[in-house]
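To convert, count from 1 in the sequence shown and add 6; that's our numbering. All residues carry an ideal CB built from backbone N, CA and C; glycine is no exception. Down below is the structure, laid out as structure tokens.
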Amino acid sequence: MKKPVSTDRAPKPGPYSQGVLAGDTLYVSAVGPVDPATGQAVGATIEEQAARTIENIEAIVQAAGGRLSDVVKVTAFLSDLAHFEKFNEVYRRYFKPPYPARSTFQVVLNRWLIALDAVAYLGKEAAREEPHTLVTPVEPRRIS
Numbered sequence: 007m008k009k010p011v012s013t014d015r016a017p018k019p020g021p022y023s024q025g026v027l028a029g030d031t032l033y034v035s036a037v038g039p040v041d042p043a044t045g046q047a048v049g050a051t052i053e054e055q056a057a058r059t060i061e062n063i064e065a066i067v068q069a070a071g072g073r074l075s076d077v078v079k080v081t082a083f084l085s086d087l088a089h090f091e092k093f094n095e096v097y098r099r100y101f102k103p104p105y106p107a108r109s110t111f112q113v114v115l116n117r118w119l120i121a122l123d124a125v126a127y128l129g130k131e132a133a134r135e136e137p138h139t140l141v142t143p144v145e146p147r148r149i150s
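Below, the structure written as structure tokens:
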């Protein structure tokens, strides 16, 4: 069963959901540095735009009953990989270890320097208490 998640604290979506809750997992659509009150992009620097973008992700996660610490995967889309280190500085202010898994790509963004999407696990509290490491031997198999 899937349920759309929306909030006025994040940019208004087009023909898509801000987030979709499927079981205990929240899938957050890509968002950029848009002020939800005005619908306009904000910030001239990667630092300003990254902060606004992460705050938009956070608002959607909170609308689903979660916290930014529940985010397990982030995909970062940067208009220029030269912004990578400054983006990381801002990212570290919002996300704490253990950091979410992350992929970062340089893409063409018409008006923004950054866009992010995310996946958050909103399952049982017990799952949040202790980090778990599970190592399972995997038999190699031939793919033909």
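Nearest-angstrom Cα separation, counted from residue j out to residue i
i	j	result
Lys18	Ala36	12 Å
Gly38	Ala47	8 Å
Ala43	Pro103	31 Å
Lys79	Asp123	8 Å
Met7	Thr31	11 Å
Glu41	Val34	The residue asked about is misnamed: residue 41 is Asp in this sequence, not Glu. Looking at the two C-alpha atoms, the distance is approximately 17 Å.
Lys9	Ala28	7 Å
Ile60	Gly45	16 Å
Phe101	Arg108	11 Å
Arg117	Asp86	13 Å
Arg134	Ser75	With a pLDDT of only 41 at Arg134, under the threshold of 50, the placement of this residue in the model should not be trusted, and no figure is reported.
Pro23	Glu91	Looking at the sequence shown, residue 23 is not Pro but Ser. In a straight line, the C-alpha of Ser23 is about 30 Å away from that of Glu91.
Ala16	Gln112	24 Å
Nearest candidate by alpha-carbon position, reference residue i, set the options
i	options	result
Leu128	Ala70, Gly20 and Val80	Ala70
Tyr105	Thr81, Asp30 and Glu53	Thr81
Val77	Ser85, Glu64, Gln55 and Asp86	Glu64
Thr110	His89, Val34 and Ser12	His89
Ala57	Gly45, Leu87 and Arg98	Arg98
Val96	Ala16, Pro21, Val113 and Gln55	Gln55
Residue range of the alpha helix (DSSP H) that includes residue i
i	result
Arg98	Phe90 to Tyr100
Thr59	Ile52 to Ala69
heavy atom of the ligand MN below 7 Å from residue i C-beta
i	result
Ala121	Summarising the ligand content, the structure contains no ligands, and the ligand MN is consequently not present.
Inter-residue CB distance, residue i and residue j (contact presumed, cutoff 8 Å)
i	j	result
Ile52	Gly25	Wrong, their Cβ atoms sit about 24 Å apart, outside the cutoff.
Phe83	Leu115	7 Å
Gly72	Ala126	5 Å
Element boundaries [beta strand (DSSP E), containing residue i]
i	result
Val37	Thr31 to Val37
Lys79	Val77 to Leu84
Ser109	Ala107 to Gln112
Leu27	Gly25 to Ala28
Tyr127	Ile120 to Tyr127
Val11	Lys8 to Val11
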